[in-house]
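Engineer:
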Amino acid sequence: MLYGITSLFYLRDFLYKRGSDRTNAQRTIVLALGLHAAFLVYLVLGLRRIPVATLSEALSTFVWLTALIYWLLEKGLVTQLKADRSMGTFILPILWLLFTVANLTFQADEPIAEVLKDVRFEMHVFAMLLSYGAFTISFIASLLHILLAREIKKRDLRLFYSRLPSLAFFDNISNRAVDIGLFFATIGFALGFYSAAKVWDSFLLADPKFLVTVFSWAIYFVHFFGRRFIGWSGRLVANLSILGYSVILFSFIIISLLFSSLHRFI
Amino acid sequence: MKLVIYTFPNRSNSALLPENLAESKQLPKTLADIGVLEALPVPHNSALQLLLVAEKVPTSAQVRSYISAQNSDDSASDSSARYDRQALHYILEMASGALTDAMSNNLFERLQERYAQAREAGWVGPVLQYIFQRCVWLHEKSRMETDLFKFAIHEHSVLRELAQKIFGQLNRTSTGIAGCPPESAAFLMELQSHGCKNIMLFHDPSAETDRIDPLGQFQHFEKEAFSFTHGDLLLVFDPEYAQLFEGRKLKQQLAKRQSKALLIFDWTNALPVPKNSNLYFYSRADLAAIIEHNLHARKHAAETIQTWIASEIDDFYKWLTSDNRNQFAGIIGATKAMQNIFELISRIARTNITVLIDGESGTGKELVARAVHRFSARSEQPFIAVNCGAIPENLLESELFGHVRGAFTGAVAEKPGLFEQAQHGTIFLDEIAELAPHLQVKLLRFLQEGEIRRVGSNHTIRLDVRMLAATNKNLADLVAQNTFRSDLYYRLNVMQLTLPALRERRQDIPLLANQFLKRFAQKFQKNVHEISEEAMTALLAYHWPGNIRELENAIEHATALAIGKNISPFDLPANITRKEKTNGRMPSFGRVSLRELEKQYIIETLEEFDWDYEFVCKQLGIGRTTLWRKLKEYKINK
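Protein chains in written order, with this note's numbering: chain A, 1 to 266; chain B, 267 to 904.
Written as structure tokens, this is what we have:
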């Protein structure tokens, strides 16, 4: 609920640039983060594990992590680079949506498989969620990059031009977010391999979920490699980031719905 | 009183204020003879403009004959005129930036320069002073409260904005300029002033580059050396480079750049428009379209300003017809020192800057604080004045910051402090030097963080309060003696307004005295109209240690005692007239010759009265011609 109100404030700030909306947005996002954190702590104490085992739990944790990362970026606490509030306008509605889904599907005493109560597994999911959060931010930044670049290119300067910061800024945020995301994704993968090797005797490389996820990881790796060693930048990497995120979304939604997979949970 | 602006097209504005005029300290005789009281040259892009204040509007022919006398070239040209409200509207529009003329951004800057010169030359009187103060105030208001100044309306600033949107900060962006006509100078200046350091110029060896690179700080290259790898921002001023933009050549060029963003500006409008995903291409025509759009947006923003201007014009005529023309928000002052203060108040009122007002006691510090509040955006919000010296030290803290229940004995209920009552408004702390050290710390915290804490409370309260402070002591001395915190002093002293003592602005004494006389005559219901000449001489000669407050009391005293219509010297308090008899103002110059003494005395009096000959003659008891003769004899000039 609070995420919804916050996104409204962000949207109003974006459209009309009024001081009161900005302060309201900042207040509500802190409030939302705080309440959400309290809820998660309550879950942790109640379940005696990190709440990542079911879809709704994982989504909820994911929303909280992403909001936290964004908030830290906006406050300029993580890097020298401060995230611009205009990004909040686009990130918060997504989070709001996901959080609503999480709450709708939430069941207090869902049975979970015994294998999932393993610390290594929990760390695997946690790292993956962190990396997805970072990829989300990169995705939004890249999307805004493309939108702004298009406006400049068409020589038709409108709302995005007057409200958004520079292309270089989005480049920077997106790239840094991919760096962070890639780091956690790699850790998550390693832990995932380890758990999977223990749980399943035959290691199923042919699992569609697994394949698609590896594919998205590869895209982000190319993103990273191209930037570091070839000198890619600008719209090319922005497009790559969007592609990588689309694949993740694909694996989340389409694969989960259409194919049966061993990796059922998320 | 009439206002008129004459515009003479195709003339340069520069010759209007010859330097030798500054010496005479008054309007040139030719202008005075045609009934002009005050004059101000008004900047224009291509014309000569003159704003005149006169009892009767002079004809354009009369004005033209004056201008012809100043300018050697004498091409007779037609003039156009704006009268009264129209003229005022034009000036106010220029000041607020609502004038949609593409150059209006610097027109007001130039007007301010002209005004300073004209004031130096003695062309400016009370009417122009008033208009200019309102101009400055309106300018600040529209700058702070509208989007008007945010729209770029010059080619070079639009291009710079584009570059910033693409590259972020420009200090790492390298720039190549191909073909360097003099027109590229504006672009170079703009880029350089926004942090662009790495600038390369490509041109023929024969090209004159003195204008665009007067300091020789850029790298120069042969014209043929130019390619797309020479920078992220390329400005092409020469149509010959068109061949670089053709099919294969373009591809080759861009391939070398990987996928780095490139902004190309085509000044010639002649280059083919290239298509590539990382290439942003703007021609001069594209910039013109953006400027067009921005001008339109500006017009929209200017609509609110028009309503401000309309009410400003009404206020002007109200002021012009009222009998307190020498007043600024209730403060009387016709002297240059006070006019400067009024201008400063107009300039700073709309900002939220902390102001330290200092001056001897009785100089009207609170009036100045109220004026700052009245002209600020907070004028509808509370104004709280606190005299820090008048409240016992142990009460002051809870008085200022409030307290919670049980904070100390007697604190039976929660109480908000004066700071909280001033929320969204202004708080004025008089006699700030009397503040105890621990309160200084609290005040510093408020100034730095905008937060206060009630006495005995644990949580802070954020406040939006503008603070003004006043003192009659020299805070710098107190800092040196360690009785006043230096960090607080620097925080307070962002902007200092020093009010002159009354003896430093004796010309205002008659104005003030008559104002007080009017007030007290009404209060005591007495029919006293005038201050006799002898009494006024006594008032002018006295040194007024208690400043305006003392003058006010003296006039109250005199009005109460006065018999008949005049105030005679006998009605004044005894200490004022006694001084006059013994001439308490006799300066000591040591043992010097009589001649030297006379010279020194004249100089001192001249300086004291700001070279106002009329006052000086009155003071010295000599005629104007005698004064002139003495000045010549002693070779005294400004």
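Ideal placement from N, C-alpha and C gives every residue a C-beta, glycine not left out.
In this structure, how does DSSP classify Asn-819 of chain B when only helix, strand and coil are distinguished?
Structural biologist: Helix at Asn-819 of chain B.
Engineer: Leaving out five residues before and five after Val-424 of chain B in sequence, what residues of the same chain have Cβ atoms less than 7 Å from its Cβ?
Structural biologist: Within the same chain, Val-424 of chain B has close Cβ partners Ala-418, Leu-553, Ile-556, Ile-557.
Engineer: I need the DSSP call for Met-733 of chain B, collapsed to helix, strand or coil.
Structural biologist: Three-state DSSP puts Met-733 of chain B in a strand.
Engineer: Touch check for the stretch 462 to 479 of chain B and the stretch 490 to 508 of chain B: three-plus C-beta pairs under 8 Å?
Structural biologist: Enough Cβ pairs lie closer than 8 Å, so yes.
Engineer: In its own chain, which residues sit with a C-beta less than 8 Å from the C-beta of Leu-216 of chain B, not counting the 5 before and 5 after it?
Structural biologist: Missing from the structure shown is residue 216 of chain B; chain B here goes from 267 to 904 and no further.
Engineer: Measure from the C-beta of Gly-34 of chain A to each C-beta in chain B and report whether the shortest distance is under 7 Å.
Structural biologist: Cβ-Cβ to chain B under 7 Å: no for Gly-34 of chain A.
Engineer: Decide if the stretch 706 to 718 of chain B is in contact with the stretch 741 to 756 of chain B; the criterion is three or more beta carbon pairs, one per stretch, under 8 Å apart.
Structural biologist: Enough Cβ pairs lie closer than 8 Å, so yes.
Engineer: Go ahead and pull the three-state DSSP assignment for Ile-657 of chain B.
Structural biologist: Coil at Ile-657 of chain B, not helix or strand.
Engineer: Whole angstroms are fine: how far does the CA of Ala-527 of chain B sit from the CA of Arg-176 of chain A?
Structural biologist: Approximately 19 Å between the Cα atoms of the pair.
Engineer: For the stretch 500 to 524 of chain B, which segments carrying the alpha helix (DSSP H) assignment without a break, of at least 4 residues, lie completely within its bounds, in sequence order?
Structural biologist: Fully enclosed alpha helix (DSSP H) runs of 4 or longer: 513 to 521.
Engineer: Our contact map puts His-809 of chain B next to Arg-844 of chain B with C-beta atoms below 8 Å; I'd like the distance itself, whole angstroms only.
Structural biologist: Rounded, the Cβ-Cβ distance is 12 Å, inconsistent with contact.
Engineer: Starting from the Cα of Ala-568 of chain B, find the closest Cα among B:Arg-550, B:Asp-413, B:Leu-520, B:Gly-482 and give me that residue.
Structural biologist: Among B:Arg-550, B:Asp-413, B:Leu-520, B:Gly-482, the Cα nearest to that of Ala-568 of chain B is on B:Asp-413.
Engineer: Assuming Ala-353 of chain B contacts Leu-317 of chain B under a Cβ cut-off of 8 Å, what Cβ separation, rounded to an integer in Å, is found between them?
Structural biologist: Right, their Cβ atoms sit about 7 Å apart.
Engineer: Taking all protein chains shown into account, decide if Met-410 of chain B is buried (16 or more other Cβ within 10 angstroms of its Cβ) or exposed.
Structural biologist: Burial call: exposed.
Engineer: Leaving out five residues before and five after Glu-392 of chain B in sequence, what residues of the same chain have Cβ atoms less than 7 Å from its Cβ?
Structural biologist: Here residue 392 of chain B is Pro; the residue named in the question, Glu, does not match the sequence. So the qualifying residues of the chain are Arg-591, Asn-592, Ala-600.
Engineer: Let me see if you follow: with CB-CB separation under 7 Å, is Phe-433 of chain B close to chain A or not?
Structural biologist: Yes, because at least one Cβ of chain A sits closer than 7 Å to the Cβ of Phe-433 of chain B.
Engineer: Return helix, strand or coil for Asp-250 of chain A, following the three-state DSSP convention.
Structural biologist: Looking at the sequence shown, residue 250 of chain A is not Asp but Phe. If DSSP states are grouped into helix, strand and coil, Phe-250 of chain A belongs with the helices.
Engineer: Measuring only between beta-carbons, confirm whether Asn-560 of chain B sits less than 7 Å from chain A.
Structural biologist: Output row for Asn-560 of chain B: interface = no.
Engineer: Identify every run of the alpha helix (DSSP H) within the stretch 351 to 420 of chain B, keeping only runs that are complete inside it and at least 4 residues long; order them along the chain.
Structural biologist: As far as the stretch 351 to 420 of chain B is concerned, its whole alpha helix (DSSP H) runs of at least 4 residues are 370 to 386, 392 to 411.
Engineer: Does Phe-694 of chain B pass the burial test, meaning 16 or more other C-beta atoms within 10 Å, or should it be called exposed?
Structural biologist: Buried, because 16 or more other Cβ atoms sit within 10 Å of the Cβ of Phe-694 of chain B.
Engineer: Quick one: is Lys-153 of chain A near chain B, going by C-beta distance under 7 Å?
Structural biologist: Taking Cβ atoms only, chain B reaches closer than 7 Å to Lys-153 of chain A, which makes this a yes.
Engineer: I need the DSSP call for Leu-481 of chain B, collapsed to helix, strand or coil.
Structural biologist: Coil.
Engineer: List the DSSP bridge partners of Ile-137 of chain A.
Structural biologist: DSSP output for Ile-137 of chain A lists no bridge partner at all.
Engineer: Of all the CB atoms in chain A, is at least one closer than 7 Å to the CB of Lys-526 of chain B?
Structural biologist: Chain A contact via Cβ: present.
Engineer: What residues from chain A crowd round Leu-428 of chain B, counting only those whose CB sits closer than 8 Å?
Structural biologist: The answer, in chain order, is Ile-152.
Engineer: Please name the residue, chosen from B:Tyr-356, B:Asp-878, B:Ala-384, B:Ala-364, that lies closest to Thr-570 of chain B on a Cα-to-Cα basis.
Structural biologist: If we check each option's Cα against that of Thr-570 of chain B, B:Ala-364 comes out closest.
Engineer: Using a Cβ-Cβ distance cut-off of 7 Å, determine whether Ser-642 of chain B contacts chain A.
Structural biologist: Chain A, which has no Cβ nearer than 7 Å to the Cβ of Ser-642 of chain B, makes this no.
Engineer: For Val-882 of chain B, which residues of its own chain have a beta-carbon under 6 Å away from its beta-carbon, when the five flanking residues on both sides are left out?
Structural biologist: Cβ neighbours of Val-882 of chain B beyond the five flanking positions: Thr-871, Leu-872, Phe-875.
Engineer: Where does the unbroken beta strand (DSSP E) through Lys-295 of chain B begin, and where does it stop?
Structural biologist: Looking at the DSSP string, Lys-295 of chain B is not in any beta strand (DSSP E); the run it does join, the alpha helix (DSSP H), is 295 to 299.
Engineer: Can you pull the chain A neighbours of Ser-543 of chain B, defined as C-beta to C-beta under 7 Å?
Structural biologist: Under the 7 Å cutoff, chain A gives Arg-235.
Engineer: Contact between the stretch 221 to 234 of chain A and the stretch 187 to 194 of chain A: three or more CB pairs below 8 Å?
Structural biologist: Taking 8 Å as the limit for Cβ pairs, the verdict is that the stretch 187 to 194 of chain A does not touch the stretch 221 to 234 of chain A.
Engineer: Is the beta carbon of Thr-726 of chain B closer than 7 Å to that of Arg-732 of chain B?
Structural biologist: Taking 7 Å as the Cβ cut-off, Arg-732 of chain B and Thr-726 of chain B do not qualify as a contacting pair.
Engineer: Only counting the same chain, and skipping five residues up and downstream in sequence, which positions put a Cβ closer than 8 Å to that of Gln-714 of chain B?
Structural biologist: Only Arg-757 meet the Cβ criterion.
Engineer: Could you check whether the Cβ of Leu-31 of chain A sits closer than 7 Å to any Cβ belonging to chain B?
Structural biologist: For Leu-31 of chain A, the answer is no, since every Cβ of chain B falls outside 7 Å of its Cβ.
Engineer: The beta strand (DSSP E) spanning Asp-696 of chain B covers which residue range?
Structural biologist: Where Asp-696 of chain B is concerned, the enclosing beta strand (DSSP E) stretches over 692 to 696.
Engineer: Using only CA atoms, which one of B:Ser-408, B:Leu-500, B:Ala-444 lies nearest to Arg-564 of chain B?
Structural biologist: Nearest of B:Ser-408, B:Leu-500, B:Ala-444 to Arg-564 of chain B, Cα basis: B:Ser-408.
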